Structure formats: structure tokens, C-alpha cells
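Visitor: Quick one: structure below, then a few questions.
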Amino acid sequence: MIRAGVRPDFITFTGLLSGCSHSGLVDIGLKYFHSMHEAYFVEPRVEHFACVVDLLGRAGRLVEAKQIINQMPMKPGPSIWGALLSACRTYSNLEIGEIAAKELFVLEPENSGNYVLLSNMYADAGKREEVNTLRVRLKELGMKKSPGCSWIEINGRLHSFLGGDTCHPQAKEIYMFLESLPEKIKAAGYVPDTSFVVHDVSEEEKEGNLNTHSEKLAIAFGLLNTSPGTLLRVTKNLRICGDCHSATKFISKIYGREIIVRDINRFHHFKDGFCSCRDYW
1 MIRAGVRPDF
11 ITFTGLLSGC
21 SHSGLVDIGL
31 KYFHSMHEAY
41 FVEPRVEHFA
51 CVVDLLGRAG
61 RLVEAKQIIN
71 QMPMKPGPSI
81 WGALLSACRT
91 YSNLEIGEIA
101 AKELFVLEPE
111 NSGNYVLLSN
121 MYADAGKREE
131 VNTLRVRLKE
141 LGMKKSPGCS
151 WIEINGRLHS
161 FLGGDTCHPQ
171 AKEIYMFLES
181 LPEKIKAAGY
191 VPDTSFVVHD
201 VSEEEKEGNL
211 NTHSEKLAIA
221 FGLLNTSPGT
231 LLRVTKNLRI
241 CGDCHSATKF
251 ISKIYGREII
261 VRDINRFHHF
271 KDGFCSCRDY
281 W
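The sequence shown begins at 1 in the UniProt record's numbering and counts up one residue at a time.
So this is what it looks like as C-alpha cells:
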């Protein structure tokens, strides 16, 4: 653009910063951000700060991300605090995560997803009392966590699965497949992440509960009903959980499948044991 004599504007920098964020180019992204005003006289807007918070958050540089928020000339909105909370969930930073969540509770009092993210962080940290407190608060506010639901289309027909679903005509076959799946993917390096099960049960039961998540049911159904090598496309109404994300990477590897999962945040393209999101979503 510069060589062609076209001056970059705020839209240009939004694209640049977003691209750097999703590519892990932290230092380059920060260089572009600081050049906006200094070199091109473009005043950063909320969306640019959101990109920078996301950029730093993806790299685990949460203290720096919080400092950027503190230095903003305008009041940070949900996109800013949401990016920080998501990063805190990924990197298990409860201290900063609590700050972000409390801001979001004020800005988005009816967004149950923020409560769920903080609740999951409390569960990871073994803070059962705080988990229960958040559940009570959700109930008092008249909010409920939406049940996980996933969809997959096979041969022109759409199949839906809720978490723990046993209503599908092939439910018995699906659960038999999922019962044997963990040992196969464990042999390839998979380690179950039972922190995503908040119930107070044994580790063995927690591992079993992980197998009932809706996206795993949909993927198992797809594997059972398509020929080898067929691309699987799954849509989920919520954020894919960390364990399902990890398991799907290994499933794509050992079964030689490409699997695309569209969750509430983004597309995840799993292939050969890797995901297009680079394990950040």
C-alpha cells in the first residue's frame, strides 16, 4: 500500500493486527500498533486495542495485556475484557481472570458465558465454594447454562446431539465406539483433561463423562457412518472444551481424517494431529 501511495487507515490496521494475532506475530503486531499514531497519524480505536489485547493474550503475556487496557484513552468494552478473560482461561491466570470477569459481569450482566468461563477457572483451581457461589448467582439472575449441542450432516440429513444424549437411533453403537476410543488416542499421546468435569466424582468417572460431550458424539457418529478419508463437519452451539479439542486432534491423526468444528467463537480445522487455531480459541 505504501509503495502504491495508498495511506493506511483504521481498517487497514484492524486487519493487520488481527492477522498478526492469529499468526503469533506478537512483536510485529506491537510494532504496527505503535506506528499507527506515530507514523500514520491514525488514532487507535477500541477494535485496535481489542486486537492488541488478543495478540498479547494468545502469547500468554497477560500482565502486558492488562497494562494496555489500563492505558486505554477510552473505556474498555466487552470485546476487550472478553479477550483478556479467554486468555486467562487458556493460561490459568485466575488473578487477572477475576478482574476481567467482574468487569464483564457489569457490562454484560445477562451473558452466562462469562460466568461459565470463570466457573471453569475456579474448578481448575479446586475452588469448589466459588464454583457453587457462581451457580447460585446464575440461578438468582434467572440464567441457565445452555446445554451443549452439536450437529453433523451425513448424506443430506442433519443429526443433532446433546451432551450425554442417548436418544439417537445409533446411540448404543456410538457409545461403544467412544468407550474404546480413549485407549487408542492415549497410545498416540492423548492425556484426558478432567478439569473440564466439575462434578465431584472419581477420576475414572470424570474420564467417562468427557466421552459424553456433544461434539464427541457427533464426531463418533461421523466416523461410523462415512467412508475412510471423508471430511467431517461439525457445528457446536458453545465453545469447544479443551479436552474435546485435544481429543479431536488425536482423532484426526489416528483415523487420517480432516475434521472441521465450528464452535461459537471460530472454525477449528483439525488435520494430522494439529488444529488451525494453534490451540488458542
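Virtual Cβ for every residue (Gly too), placed ideally from N, Cα, C.
As the structure is a computational prediction, the values presented were derived from the model and not from experiment.
Taking only runs of the alpha helix (DSSP H) that begin and end inside the segment 31-117, which ones reach a length of at least 4 residues, in chain order?
Guide: Complete alpha helix (DSSP H) runs here, min 4: 46-58, 62-70, 78-91, 94-107.
Visitor: By Cβ distance, which residues of its chain are closer than 7 Å to T248, with the 5 residues on each side in sequence left out?
Guide: Locating residue 248 in the sequence shown gives position 248, where the first residue counts as 1. These residues qualify, in order along the chain: I219, I259, V261, F270.
Visitor: For G113, tell me which candidate among T235, G242, L138, D124 has the shortest Cα-Cα distance.
Guide: Within the sequence shown, the letter at position 113 stands for residue 113. The residue with the shortest Cα to Cα distance from G113 is L138.
Visitor: To the nearest angstrom, report how far apart K75 and L162 are at their CA atoms.
Guide: Position 75 of the sequence shown, counted from the start, is the residue given in the question as residue 75. Position 162 of the sequence shown, counted from the start, is the residue given in the question as residue 162. C-alpha separation (whole angstroms): 39 Å.
Visitor: If we count the other Cβ atoms within 10 Å of its Cβ and call it buried at 16 or more, is R7 buried or exposed?
Guide: Working through the sequence shown from its first residue, we reach residue 7 at position 7. R7 should be labelled exposed.
Visitor: Do the segment 210-228 and the segment 168-175 meet, that is, are 3 or more Cβ pairs less than 8 Å apart?
Guide: Flag = yes, the segment 210-228 and the segment 168-175 touch.
Visitor: State the DSSP-derived secondary structure class of R3, mapped to helix, strand or coil.
Guide: The sequence position of residue 3 within the sequence shown is 3, counting from 1. Coil.
Visitor: Can you say whether L117 is buried or exposed, counting buried as having 16 or more other CB atoms within 10 angstroms of its CB?
Guide: Along the sequence shown, one-based indexing puts residue 117 at 117. The residue is buried, with at least 16 neighbouring Cβ atoms inside 10 Å.
Visitor: Roughly how many angstroms separate the alpha carbons of Q67 and V53, rounded to a whole number?
Guide: As a first step, residue 67 must be located in the sequence shown, where it is residue number 67. As a first step, residue 53 must be located in the sequence shown, where it is residue number 53. Going by the C-alpha atoms only, they are around 9 Å apart.
Visitor: Under a three-way DSSP split, which group does H22 fall into?
Guide: Position 22 of the sequence shown, counting from 1, holds the residue named residue 22. Reduced to three states, the DSSP call for H22 is helix.
Visitor: Can you tell me the Cα-Cα spacing of P228 and G256, whole angstroms?
Guide: Taking the first residue of the sequence shown as position 1, residue 228 is located at position 228. Taking the first residue of the sequence shown as position 1, residue 256 is located at position 256. P228 and G256: Cα-Cα distance of roughly 8 Å.
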